[in-house]
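A short worksheet on the structure shown next.
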């Protein structure tokens, strides 16, 4: 599927801006570009930028461009790389790409520049994947996690784990070679100790995925409550305030995922639900199943009720809300609940601070009172349940999670076998499986299929 | 409105690609960027690119970037310019822009980099405008016209015209100074000769605007005919075939203007119309007014009828079609008409080649027969009425047209006054007006308002 000896070209910028960059990488990069430039670039020094003109096949000028040359191995791909910065015209970009293909380049597959950098040893697979994460990061926390992964945070840990296990296997193999002599080179207690530590470390990583994933896609917050409790007004109040802050970033989430909001470094994914009736008729309600499904997804559940201390037929008060929450909590204990006593502008302030562990917040969604306090509470909750993403390793990638999960099964199996004093030969099979999966994370072990899976998620020109 | 002594910054690429470029220009450009880079760039040589890291205010790394430095005056704006090429993340781009502003840069207005280049004498106003045209050019002909204008084709002509008129005025002024002595320094016949030549040249340019504008927006082609004649099938047949050719250029016209099609170097703008009834009841028809309006816009009108030599009640044949066309032609003589005898697969081929000057083409829109021939015919028609855009000057800009139109009025007036032997003093007023308008085209005379008008049509970062 991928060839490494040819020269690839792609437009590396999105169309519609003032400038475009066309990137060319491969052994023939400089010669191929030189075929279509007015001024010779074969003598142009590495890491320099010069004005030039692109010529079409009839040697007519197409565009005035800046040409930057990078000589192997000091380039992104470690190959010869040329970057052509053009006026931001889709017509010109496409035309130049066509001319490059006519001169011997091939149009790059998605992520193929990064793939080549990986192949040529510039970084491992987790770092390559981090580049895609870095590009799609929409808030400070995701950016931080992607950046750490790109700088090799995860790689180093994976490599260390793998190193330990390889050493471990080597000792076991040695034992097997001398099996007839019944020599025990490795200390079984020590083996078990290393294994337990590894399992516990991976357990932590697997656990972090829940939060990593929430951070990546936005922490899921479900808003529930009786009809007319003010759920949508609350959502609008939350979103409206931040719109001015979100808008300077062009083309970000708002068009794609409805109702996400970034508060400081954390993105929240708010899900509004159909109003709930009293607990008695819940099962009869259509749409309740969907609300319950959303509750299952949620990390935080905001239960909107009324600040009216004696809720009328139409208004559920704080006490009733808490009763209801207890019913739902049977299903979903992990989530953090918040009781939002809405319409606080209408009723004398009730001083209840919390019911058991459920915090109570008085707001007026309509008058936008208490919204800032809600945001602070949301942030505090997330910061509480999150690992310290400034320093801790956090899994955000489904592929890594799946491979670590498989690794863990084999390690646990190995530990079990150790306890049962099963023969080293059998145990070593599990350790080898674990090593295999670990190696796939960093790409020490890779197949075309794995690579294709990963790099087709990249954008063109990366 | 515009300040020239501060340092401006903007994201010069559209969001969504693999790479972004942030451009900074101004006296402090290097120092401002240096505040946020890990490695010092103040010693970095002009026209070199180096790997670097952007640091946030807490000196944490934000991104690994390539930094290119251009020292004044050898840069696009002739000021110090720095380009930061980042990973294509909107979050990172926005973050870096914020850091630059915190370091003392100002976010650039639309087109402000080009405006600075204009101010600093790198090119004149028509060339600056050509950059915007170059970016938006969607086909080879528009690209060619914009390129020639950018290279100074129009400027040179405008300057030559202006030079002639200035020389002219100078001689007239001299005459005025010596008026009492009744000396005639300039030869009136020569004056009239120059004036006539200038007027005739401008006439040609004004005339070219009709085609320039058609090329820029797409040559307007209206498809008319009775209901069920196959107009929409024809449009689909025309568009469908080319979709594969259009699609490699991402984000171009298709989403913006429905039903445009580029055949070789020419873009056509096809307009489908409601089916026409017989001429008798036209006035009664709703929607006919709109069809007639579209006919007014058209350069080419395709009249779709049936290849059936004796059209039934539902089918209008070639002869009837020609009768109808004659009615419409009273209103719209300039357009080129084509009779398209559709459903040619169903009927024995009629050998009519044309009616008077209206060519007749046999096609089957449904079976996609004759579509290529239609395209060749369309191209030939356009090439016939077009000036040679490989070499001739063509006006494409409404501002230039308006100013030349005003220039022309005053020149014609001056010529008239010459013929009437009016005093040189009065004639010179008209010539001065003409000079004023000519000067505005190239920007030798400009006001903030004119500049604001022009540059707000640019994109950000250009």
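Protein chains in written order, with this note's numbering: chain A, 582 to 1043; chain B, 582 to 1043.
Using N, Cα and C, we set each Cβ at its ideal position, and we do this for glycine too.
Among the CB atoms of chain A, none fall inside 7 angstroms of the CB of residue 981 of chain B.
Sequence-ordered contacts of the stretch 705–720 of chain A with chain B read 712, 715, 716, 717, 718, 719, 720 [C-beta pairs closer than 8 angstroms]. Per DSSP, reduced to three states, the secondary structure at residue 701 of chain B is coil, with no helix or strand assignment.
Beta-bridge annotation (DSSP): residue 657 of chain A is not paired with any residue. Using a 10 angstroms sphere on the CB of residue 759 of chain B, the tally of other CB atoms stays under 16, which defines it as exposed. Burial check for residue 682 of chain B: the Cβ neighbour count within 10 Å stays below 16, so the residue is exposed. From the beta-carbon of residue 600 of chain B, the residues of chain A found nearer than 9 angstroms are 593, 594, 602, 604, 664, 1042, 1043. Just so you know, the alpha carbons of residue 990 of chain B and residue 940 of chain B end up roughly 39 angstroms apart. From the listed residues B:817, B:750, B:734, the smallest Cα separation to residue 1006 of chain B is found for B:750. Neighbours of residue 670 of chain B across chain A, judged by C-beta separation under 8 angstroms: 715, 716, 717, 718, 724. By the C-beta criterion, the stretch 736–756 of chain A is judged to be in contact with the stretch 1018–1028 of chain A, since at least 3 inter-stretch pairs fall below 8 angstroms. Per DSSP, residue 950 of chain B is not a residue of any beta strand (DSSP E), being assigned neither H nor E.
In this structure, residue 674 of chain A lies near residue 601 of chain A, with their beta-carbon atoms less than 7 angstroms apart.
When the five nearest sequence neighbours on each side are left out, the beta carbons in the same chain lying within less than 7 angstroms of the beta carbon of residue 722 of chain A are those of 796, 846, 847, 970, in order along the chain.
Taken through DSSP and simplified to helix, strand or coil, residue 1003 of chain A comes out as coil. Contacts between residue 797 of chain B and chain A, judged by CB atoms closer than 9 angstroms, are missing: the closest CB pair is about 13 angstroms apart. The C-alpha of residue 610 of chain A is placed about 11 angstroms away from the C-alpha of residue 665 of chain A.
Beta-bridge pairing by DSSP links residue 692 of chain B to no other residue. Contiguous alpha helix (DSSP H) elements confined to the stretch 721–750 of chain B occur at 721–731, taking only those with 4 or more residues. When DSSP states are grouped into helix, strand and coil, residue 887 of chain A belongs to the strand group.
Per the coordinates, the alpha-carbon of residue 889 of chain B lies some 17 angstroms from the alpha-carbon of residue 949 of chain B.
Within the stretch 777–831 of chain A, the runs of beta strand (DSSP E) at least 3 residues long that lie entirely inside it are, in chain order, 800–806. By the CB criterion at 7 angstroms, residue 922 of chain B and residue 936 of chain B fall outside the cutoff.
Remark: C-beta atoms of residue 636 of chain B and residue 793 of chain B do not approach each other more closely than 7 angstroms.
DSSP, read as helix, strand or coil, puts residue 936 of chain A in strand. Pairing residue 614 of chain B with residue 684 of chain B, the inter-Cα distance amounts to about 8 angstroms. Interface residue (Cβ-Cβ distance to chain B less than 7 angstroms): residue 628 of chain A is classified as such.
Taking residue 1013 of chain A as reference, the option from A:1001, A:1029, A:720, A:994 with the minimal CA-CA separation is A:994. For residue 793 of chain B, the nearest beta carbon of chain A is not closer than 7 angstroms to its own beta carbon. Per DSSP, residue 967 of chain B lies in no beta strand (DSSP E) and is assigned neither H nor E. Within 7 angstroms of the CB of residue 693 of chain B, no CB atom of chain A is found; the nearest one sits about 11 angstroms away. For residue 671 of chain B, the number of other beta carbons within 10 angstroms of its own is at least 16, and it is reported as buried.
In the three-state reduction of the DSSP assignment, residue 900 of chain A falls in the helix class. Taking each of A:753, A:782, A:619, A:854 in turn and checking the Cα distance to residue 809 of chain A, the smallest one comes out for A:854.
Taking 7 angstroms as the threshold, the shortest C-beta distance from residue 750 of chain B to chain A does not fall below it.
Between residue 1042 of chain A and residue 747 of chain A, the C-beta spacing is not below 7 angstroms.
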